[in-house]
Amino acid sequence: SVPEIALLAALAKGPTYSPYSYPERALSRRNLVLFKMWKEGLIKTEEEYRAYEALPIEVEPRKSHLNELAPYFIEEIRRMLVKEYGDDVIFTGGLNVYTTLDPHIQELANEAVALNLKNIEARNGYKALELKDFEDLEKELCPNMHLRGKVKEIKRTIMEVDLGKGFTGIIPIDRENWMWDFDPADYFTPDQEIFVKYRWANFEEKIMGVLWEQRPFPQVAFVGMDPRTGYVTALIGGADFRESQYNRATQSKLQIGSTVKPLFYTAAIDTKKYTMASIFIDAPFVWPLPDQNPPEWKVRNYNAQFRGPMTLRNAISLSVNVVSAKLMREIGPTTAVEYLHRLGIESPIAAVPALSVGIAEVSPLELTRTFCTFANMGERVKPIFIRRITDAGGNIIKENIPQLTRVLSPQTAFIMNNMMKAPFDSGTVAFLRHAPFNLEGVVAGKTGTTDDASDLWLVAYTPEYVLGSWMGFDYKETLGMKEFAGLAHGEGFTRIINDLNELTEIKDWEIPEGIVEMRVDPWSGKRIPDGQEGGVTMYFYRGTEPVEYTSETPEEDIVDINDL
């Protein structure tokens, strides 16, 4: 149409006349062009000109595929911009925001997370029950059990839910709680299906106390980063953005389990008193706690088994709690906390013995950033979501330059990287190297499984990318007593890693000066003689490598745990 032609001509002057960002300016400029068209005879009559001038500008709603591809990432950007510039500037200021999002990695992450959720839900059969599913409610109902019902009535302080069998569920509405930072009447309607968590019941009056559940299924968080720059390349903050905009990747503080172990193993390697081949005894261990109740801590391994003497490399590979606790007792919890902060953790961490098995709570973004320090050979990066911001005229308002800080020597970082290849080559996630997963290429990282499998973590990395993923509920509840981190994350992660490694040939970390390489028996910590098969390649600060050789008869090096 003629008005649309005039608008296009107006836009040629610059983006400050965009009908999206500056609708009033766009209308004024379009009408000026219409006036000139009339004066030049391109519009025949004044009547036509006046009719065109009176028409509003109608544009299609602006669509961004990024809102569908990466809604949590986009929402995080919006929160950052609003905090720094305010709402008015964000929605009317014509800012151009250049982000660090990598659409390909984000798409791979979306597919991986969806696959992992589908798999774990299929294995465990998560579902919300209806009261009709129970034969004896008083015997079978348990606290925190998920139930399904329908909204009956919404009042100011409570919401009533029809749970069936004549029972009414009462949901307290706490308007000070983040879960109720909206008007329930705007979100719920009568007869709408709702999920709740059972707390208590008065069976005579047929009333149940329940809590609203946004999603009675596992939640997830995922962070992808480029360790060389700190660019956040992918972000997922939950299982479904439409159901919950709460960003678990950046806002949640989650127990990290065994992913903490390499963080303080680093402190031990840094002293040069400990090496990949240092021997610790995996046997029953009690850590005395004077003046505390209880007065001691009995350290348990995940599988309740003990393996006897082993190297630190094997302890990381198999995620052995006893060895981690013994090592932390030797270096001290305070030193361990210092290294967690040095590597990138910003959350407060308690210097307590149980830190050795991962009671620390941090965000997935923090943990992923920390592993970037290893991937980047000891240089810590700051997470960056926005590369730069320009105004409507293209002038740079803000530019985020990667900030790298040397916090580890390249030698210590290199040793830790090789130690963390072990879980993928011979440890907790080595099964991913085989069918049907077939993980390929250089990969290092660590798994984490907290008590009762309530938090499942996997962080995997190469010199070019770091991927961190968490799965769990928004409250402490088991994901399944047979679940573990490698199983929960493995298939999806394998697909991402294989795709990225195929896209770009991932090279291994280069050996820095001052490091020596040799084959070592992973259980005894002794050198493998030249010409003898077996052992694994380990790396050491020059002068700290083992000097004792294994015997020609390997059985002589075996220690019976019953003799310990």
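Sequential numbering of the sequence shown, starting at 93, is according to the working numbering.
Glycine included, every Cβ here is placed at the ideal spot set by N, Cα and C.
Q.
For L496, tell me which candidate among L327, G436, Q384, N159 has the shortest Cα-Cα distance.
A. Here the question's residue 496 lines up with position 404 in the sequence shown. Nearest of L327, G436, Q384, N159 to L496, Cα basis: G436.
Q: Would you list the residues sitting across from N487 in a DSSP beta bridge?
A: On the sequence shown, residue 487 is found 395 positions in, with the first residue counted as 1. Paired residue(s): none; N487 is not in a bridge.
Q: State the Cα-Cα distance for the pair I212 and D283, rounded to the nearest angstrom.
A: Position 120 of the sequence shown, counted from the first residue, corresponds to residue 212. Position 191 of the sequence shown, counted from the first residue, corresponds to residue 283. Roughly 30 Å separates the two Cα atoms.
(Q) Rounding to the nearest angstrom, what Cα-Cα distance links W270 and S546 in this structure? (A) Within the sequence shown, residue 270 is the residue found at index 178, counting from 1. Within the sequence shown, residue 546 is the residue found at index 454, counting from 1. Confidence in W270 is poor, its pLDDT being 47 and thus under 50, which makes the residue's placement too unreliable to answer from.
Q.
For the pair the stretch 601-609 and the stretch 217-237, tell me if three or more CB-CB distances fall below 8 Å.
A. no
Q: Measure the alpha-carbon distance for V94 versus G186 and round it to whole angstroms.
A: To locate residue 94, count along the sequence shown from 1; it is residue 2. To locate residue 186, count along the sequence shown from 1; it is residue 94. Across the structure, V94 and G186 are spaced so that their CA atoms are roughly 26 Å apart.
**Q.** F165 vs L327 beta-carbon contact at 8 Å
**A.** Reading the sequence shown from its first residue, position 73 is the one you call residue 165. Reading the sequence shown from its first residue, position 235 is the one you call residue 327. Yes, the pair counts as a contact, with Cβ atoms nearer than the cut-off.
Q.
Which runs of the alpha helix (DSSP H) at least 4 residues long sit entirely within the stretch 594-630? Give them in chain order.
A. none
(Q) Within the continuous alpha helix (DSSP H) that includes S561, where are the two ends? (A) Taking the sequence shown and counting its residues from 1, the one referred to as residue 561 is at position 469. Here S561 belongs to no alpha helix (DSSP H); instead the beta strand (DSSP E) covers 558-564.
Q. Can you tell which of V312, W304, G301 has its C-alpha closest to the C-alpha of K345?
A. The residue given as residue 345 occupies position 253 in the sequence shown. It is V312.
Q) What number of angstroms, rounded off, separates the C-alpha of T363 from the C-alpha of I423? A) Looking up residue 363 in the sequence shown gives position 271. Looking up residue 423 in the sequence shown gives position 331. So the alpha carbons of these two residues sit roughly 9 Å apart.
Q. What does L239 pair with, by DSSP beta-bridge criteria?
A. Mapped onto the sequence shown, residue 239 falls at position 147. According to DSSP, which records beta bridges pairwise, L239 is partnered with L221, V288.
Q. In whole angstroms, what separates the C-alpha of G537 from that of D566?
A. As a working mapping, residue 537 is identified with position 445 in the sequence shown. As a working mapping, residue 566 is identified with position 474 in the sequence shown. Straight through space, the alpha carbons of D566 and G537 are spaced by roughly 25 Å.
(Q) Going by DSSP, what residue range makes up the beta strand (DSSP E) through F372? (A) On the sequence shown, residue 372 is found 280 positions in, with the first residue counted as 1. First-last of the beta strand (DSSP E) with F372: 371-374.
**Q.** Nearest-angstrom beta carbon gap, G329 and T542 [assumed within contact, 8 Å]
**A.** One-based indexing of the sequence shown puts residue 542 at position 450. One-based indexing of the sequence shown puts residue 329 at position 237. Rounded, the Cβ-Cβ distance is 20 Å, inconsistent with contact.
Q) For N393, does the three-state DSSP call read helix, strand or coil? A) Walking along the sequence shown from the start, residue 393 turns up at place 301. Looking at N393 - three-state DSSP - the assignment turns out to be coil, as it is neither helix nor strand.
Q: Quick one: residues in its chain with C-beta nearer than 6 Å to the C-beta of I441, no 5 flanking neighbours on either side, listed in chain order?
A: Stepping through the sequence shown from its first residue, residue 441 is reached at position 349. For I441, where only same-chain residues beyond five positions count, the Cβ hits under 6 Å are V429, L432, A452.
Q: Compute the Euclidean distance between the alpha carbons of I650 and D374, then round it to the nearest angstrom.
A: Position 558 of the sequence shown, counted from the start, is the residue given in the question as residue 650. Position 282 of the sequence shown, counted from the start, is the residue given in the question as residue 374. Unreliable placement is indicated for I650, whose pLDDT of 41 sits below 50; the coordinate value is still reported in the next sentence. Between I650 and D374, the C-alpha separation is close to 14 Å.
Q | Separation of G450 from A407, as counted between CA atoms | A | Here residue 407 refers to the residue found at position 315 when the sequence shown is read from its first residue. Here residue 450 refers to the residue found at position 358 when the sequence shown is read from its first residue. Whole-angstrom Cα-Cα distance: 15 Å.
Q: Might you give, ordered along the chain, the residues of its own chain that have their beta carbon closer than 6 Å to the beta carbon of E632, omitting 5 neighbours on each side?
A: Taking the first residue of the sequence shown as position 1, residue 632 is located at position 540. The question names Glu, but residue 632 in the sequence shown is Phe. Excluding residues within five positions, the ones whose Cβ falls inside 6 Å are T367, V608.
Q: Look at the Cβ atom of G627, then the Cβ atom of T403, and state whether they are nearer than 8 Å.
A: Locating residue 627 in the sequence shown gives position 535, counting from the first residue. Locating residue 403 in the sequence shown gives position 311, counting from the first residue. No, Cβ-Cβ distance for G627 and T403 is not below 8 Å.
Q: Would you tell me roughly how many angstroms separate the C-alpha atoms of N492 and G322, rounded to the nearest one?
A: Here residue 492 refers to the residue found at position 400 when the sequence shown is read from its first residue. Here residue 322 refers to the residue found at position 230 when the sequence shown is read from its first residue. Their Cα atoms are separated by approximately 10 Å.
Q.
Please report the straight-line C-alpha distance between N509 and P264, rounded to a whole angstrom.
A. As a first step, residue 509 must be located in the sequence shown, where it is residue number 417. As a first step, residue 264 must be located in the sequence shown, where it is residue number 172. Roughly 50 Å between the two C-alpha positions.
**Q.** Reference I507, options F295, R240, T636, closest by Cα
**A.** Locating residue 507 in the sequence shown gives position 415, where the first residue counts as 1. The residue with the shortest Cα to Cα distance from I507 is T636.
Q | D194, DSSP secondary structure in three states | A | Position 102 of the sequence shown, counting from 1, holds the residue named residue 194. It is coil, neither helix nor strand.
Q: Let me know if L209 comes out buried or exposed under the rule of 16 or more other beta-carbons within 10 Å of its beta-carbon.
A: By 1-based counting over the sequence shown, the position of residue 209 is 117. So L209 ends up on the buried side.
**Q.** Delimiting residues of the alpha helix (DSSP H) encompassing P95
**A.** Position 3 of the sequence shown, counted from the first residue, corresponds to residue 95. Per DSSP, P95 belongs to the alpha helix (DSSP H) from 94-103.
**Q.** Start-to-end residues for the alpha helix (DSSP H) that takes in A467
**A.** On the sequence shown, residue 467 is found 375 positions in, with the first residue counted as 1. Segment 456-467, the alpha helix (DSSP H) holding A467.
Q) Which class does D254 belong to by DSSP, given the choice of helix, strand or coil? A) Translated into positions along the sequence shown, residue 254 becomes position 162. D254 falls in the strand class under three-state DSSP.
Q | Nearest residue (CA-CA) to A552, options G564, F516, F523, N530 | A | Walking along the sequence shown from the start, residue 552 turns up at place 460. Among G564, F516, F523, N530, the Cα nearest to that of A552 is on F516.
Q) For G578, which residues from the same chain have a beta carbon less than 6 Å from its beta carbon, with the 5 sequence-adjacent residues on both sides left out? A) Locating residue 578 in the sequence shown gives position 486, where the first residue counts as 1. Cβ-Cβ distances below 6 Å link G578 to T520, V521, T539 in the same chain, with the five nearest sequence neighbours on each side left out; the list follows chain order.
Q) Among all the DSSP beta bridges, which residues are the ones paired with G540? A) For this step, residue 540 is matched to residue 448 along the sequence shown. The partner list for G540 (beta bridge, DSSP) reads W549.
Q.
Give me, in chain order, the residues of the same chain whose beta-carbon lies closer than 6 Å to that of V151; leave out the 5 immediate sequence neighbours on both sides.
A. Walking along the sequence shown from the start, residue 151 turns up at place 59. Once the five neighbours on either side are set aside, the close Cβ partners of V151 are P111.
Q: Assuming L233 contacts V302 (C-beta within less than 8 Å), just tell me the rounded distance between them.
A: The residue given as residue 233 occupies position 141 in the sequence shown. The residue given as residue 302 occupies position 210 in the sequence shown. No, L233 and V302 are not in contact; Cβ-Cβ is about 11 Å, not under 8 Å.
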